[in-house]
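Okay, so the sequence shown: first residue is 858 according to the working numbering, each after it adds one.
Cβ atoms here follow ideal geometry from the backbone N, Cα and C, with glycine treated the same way.
These numbers were taken from a predicted model, which means no experiment stands behind them.
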Amino acid sequence: MPFTPFHMGAALIVKPALTRNFSVITFGIAQVAMDIEPGIGMFTGAEVLHGPTHTILGALVIAYLVMLIAPSICSYLQMKWNKEVIHYNLLWLVQSEAVTKTAVIIGAFFGTLSHVALDSLMHHDIQPLLPFSQGNPLMGLITHDEVYQLCGAAGVLGAIAWVAIKFFRRSPQDAGVSVAPEPMGVDTHKGTFVLWVKELRFTWFWMFVLTVMPSVLYGSSIFSRTVLMAAVVIGIPSVAIARLIAKGTKNGLRRLAVMLLMPLMALTYVSQVDQQIPENATPITIALESFRLETGNYPDTLETLIPKHLAKMPVLRFSIEQPHVTYRVTNGKPYLSLPSAMGDMFAIFEYNFETKVWIQYF
Ligand SMILES: [Zn+2]
């Protein structure tokens, strides 16, 4: 969106739910950061306005940079805000000046990723899945005007809800000035939740972004493999050394466990889904054979099969991006292959038209 403010609607609608765990200012910084590239492009008359910054990978990089600069800008702006509301004696609107890490992380990542999603609905020049796919599955799902209206309505509703919640919950403590965010606890007895969830929340977050998201959304295994390899090659020795030398960092072992478990689960999931791809493609092979029975030849393209022999292309994998089916006929000999997620770009399933079976090549 060249008109950045509309993106804020997405932030304001979630703010009342996440309260202190979500920094609207960080979200705003993320919007400005995202639109630097299109801004420069408009100035210089570039053909593609939404390039690498408006992809999921670009958004992750920008979110990380935003995360680094946001805390100081947040404290400065909140100090200004607090001065204003105190001046008007609206003490219940005072915000804690120290923004929490969680709030910055959620603000930054939700900010850039929602930006890509919203822009993908509206701009033809966006390829959000690069370099994995040139497609834009979101394009045209709803109209340009509807996006603006929804964002505007979300912004107004969210702002009203936030002010209302602030007002009805007002108390001296809600001023937040005296409340230190995330105090570092003394190492006494901690519950399972604190040990495994709260203290490891950044590990969980990153494991989610790096392993669960790519595998579920794109059926991609390459990130999970990389994380798993890093955990084995770097994680295990460093935890071992730390425990030998310094009697151990307390949560190092737990963090390592998460870093091994999450990619393993993601890889198991991807391989399960992967094994079903040939089966899901069965309608294509059946249609090809029925076409040949009828005409004596295989069709030149798969599109020829639709709609008589094949109602529509089958869904091959549960993911945003569908694997690209390669089909051609050379000298009367058909060739059909599907990419296999377990090898990302490198492995394929090839259909053997004589034996009628799929063979996986790595
Ligand atoms: Zn944009």
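message: Please report the straight-line C-alpha distance between Ser-1072 and Ser-1128, rounded to a whole angstrom.
response: 10 Å
Thr-1152, enclosing beta strand (DSSP E) - first and last residue: Premise fails: Thr-1152 lies in the alpha helix (DSSP H), 1139–1152, not in any beta strand (DSSP E).
field: Straight-line gap, His-981 to Met-996 (C-alpha atoms, nearest Å)
entry: 7 Å
task: List in chain order: all unbroken alpha helix (DSSP H) runs of 4+ residues lying wholly within the stretch 880–963.
output: 881–891, 893–901 and 913–944
query: With a Cβ-Cβ cutoff of 8 Å, do Ile-882 and Leu-934 count as a contact?
result: yes
Rounded C-alpha distance that separates Thr-876 from Gly-866: 15 Å
message: Only counting the same chain, and skipping five residues up and downstream in sequence, which positions put a Cβ closer than 6 Å to that of Pro-1120?
response: Thr-1068, Ser-1081, Val-1084 and Leu-1085
task: Please name the residue, chosen from Phe-1062, Thr-901, Val-1096 and Leu-1173, that lies closest to Tyr-814 on a Cα-to-Cα basis.
output: Because the chain in this structure spans residues 858 to 1219, residue 814 falls outside the shown range and cannot be described.
task: Have a look at Val-1214 and His-911 and give me their C-alpha separation to the nearest angstrom.
output: 40 Å
message: Within 10 Å of its beta-carbon, does Asn-1154 have 16 or more other beta-carbons around it, so buried, or fewer, so exposed?
response: exposed
query: Under a three-way DSSP split, which group does Val-1034 fall into?
result: Any reading at Val-1034 must be qualified, since the residue scores a pLDDT of 48, below 50, and its modelled position is unreliable; the value itself is stated next. Coil at Val-1034, not helix or strand.
message: I'd like to confirm the pairing. Which residues does DSSP put opposite Gln-1217 in its beta bridges?
response: Phe-1206
message: Helix, strand or coil, according to DSSP, for Val-847 in the structure here?
response: Given that the chain is displayed from residue 858 to residue 1219, the structure contains no residue 847 and the question cannot be resolved.
- request: Give the straight-line distance between the Cα atoms of Pro-895 and Gly-1048, rounded to the nearest whole angstrom.
  value: 48 Å
- prompt: How would you label Ile-1098, buried or exposed, when you count the other beta carbons within 10 angstroms and need 16 or more for buried?
  reply: exposed
task: Taking 8 Å as the cut-off, decide whether the C-beta atoms of Ala-1011 and Phe-966 are in contact.
output: no
task: Since I believe Leu-998 is in contact with Ile-913 (beta carbons under 8 Å), could you give me their beta-carbon distance rounded to a whole number of angstroms?
output: Their Cβ separation, rounded to whole angstroms, is 17 Å, which puts Ile-913 and Leu-998 out of contact at 8 Å.
message: By the three-class DSSP mapping on this structure, what secondary structure does Leu-1193 have?
response: strand
- request: Can you give me the start and stop residues for the alpha helix (DSSP H) that Val-1084 sits inside?
  value: 1079–1087
task: Taking only beta-carbon positions, decide if Leu-1057 is within less than 8 Å of chain D.
output: No chain D appears in the structure shown, which is made up of a single protein chain.
- request: Under the assumption that Met-979 contacts Met-1064 (Cβ atoms under 8 Å), give the Cβ distance between them as a whole number of angstroms.
  value: About 32 Å separates the two Cβ atoms, so there is no contact after all.
query: Just curious, the alpha helix (DSSP H) that Val-828 is in, first and last residue?
result: Shown here, the chain extends from 858 to 1219; a query on residue 828 therefore has no answer.
query: For Arg-1185, does the three-state DSSP call read helix, strand or coil?
result: strand
- prompt: Is it the case that the Cβ atoms of His-864 and Leu-1014 are separated by a distance below 8 Å?
  reply: no
message: If I follow the unbroken alpha helix (DSSP H) through Pro-1071, where does it start and stop?
response: 1070–1075
query: Quick one: Cα of Asn-1209 to Cα of Ala-1144, how far?
result: 15 Å
message: Under 7 Å: does the beta carbon of Met-891 sit that close to some heavy atom of ligand 1?
response: yes
- request: Between the Cα of Val-1004 and those of Pro-862, Arg-1058, Ile-1022 and Ile-1205, spot the shortest distance and give me the residue it belongs to.
  value: Pro-862
Beta carbon of Ser-1194 nearer than 8 Å to that of Ile-1177: no
task: Identify whether Thr-1060 lies in helix, strand or coil by the three-state DSSP scheme.
output: helix
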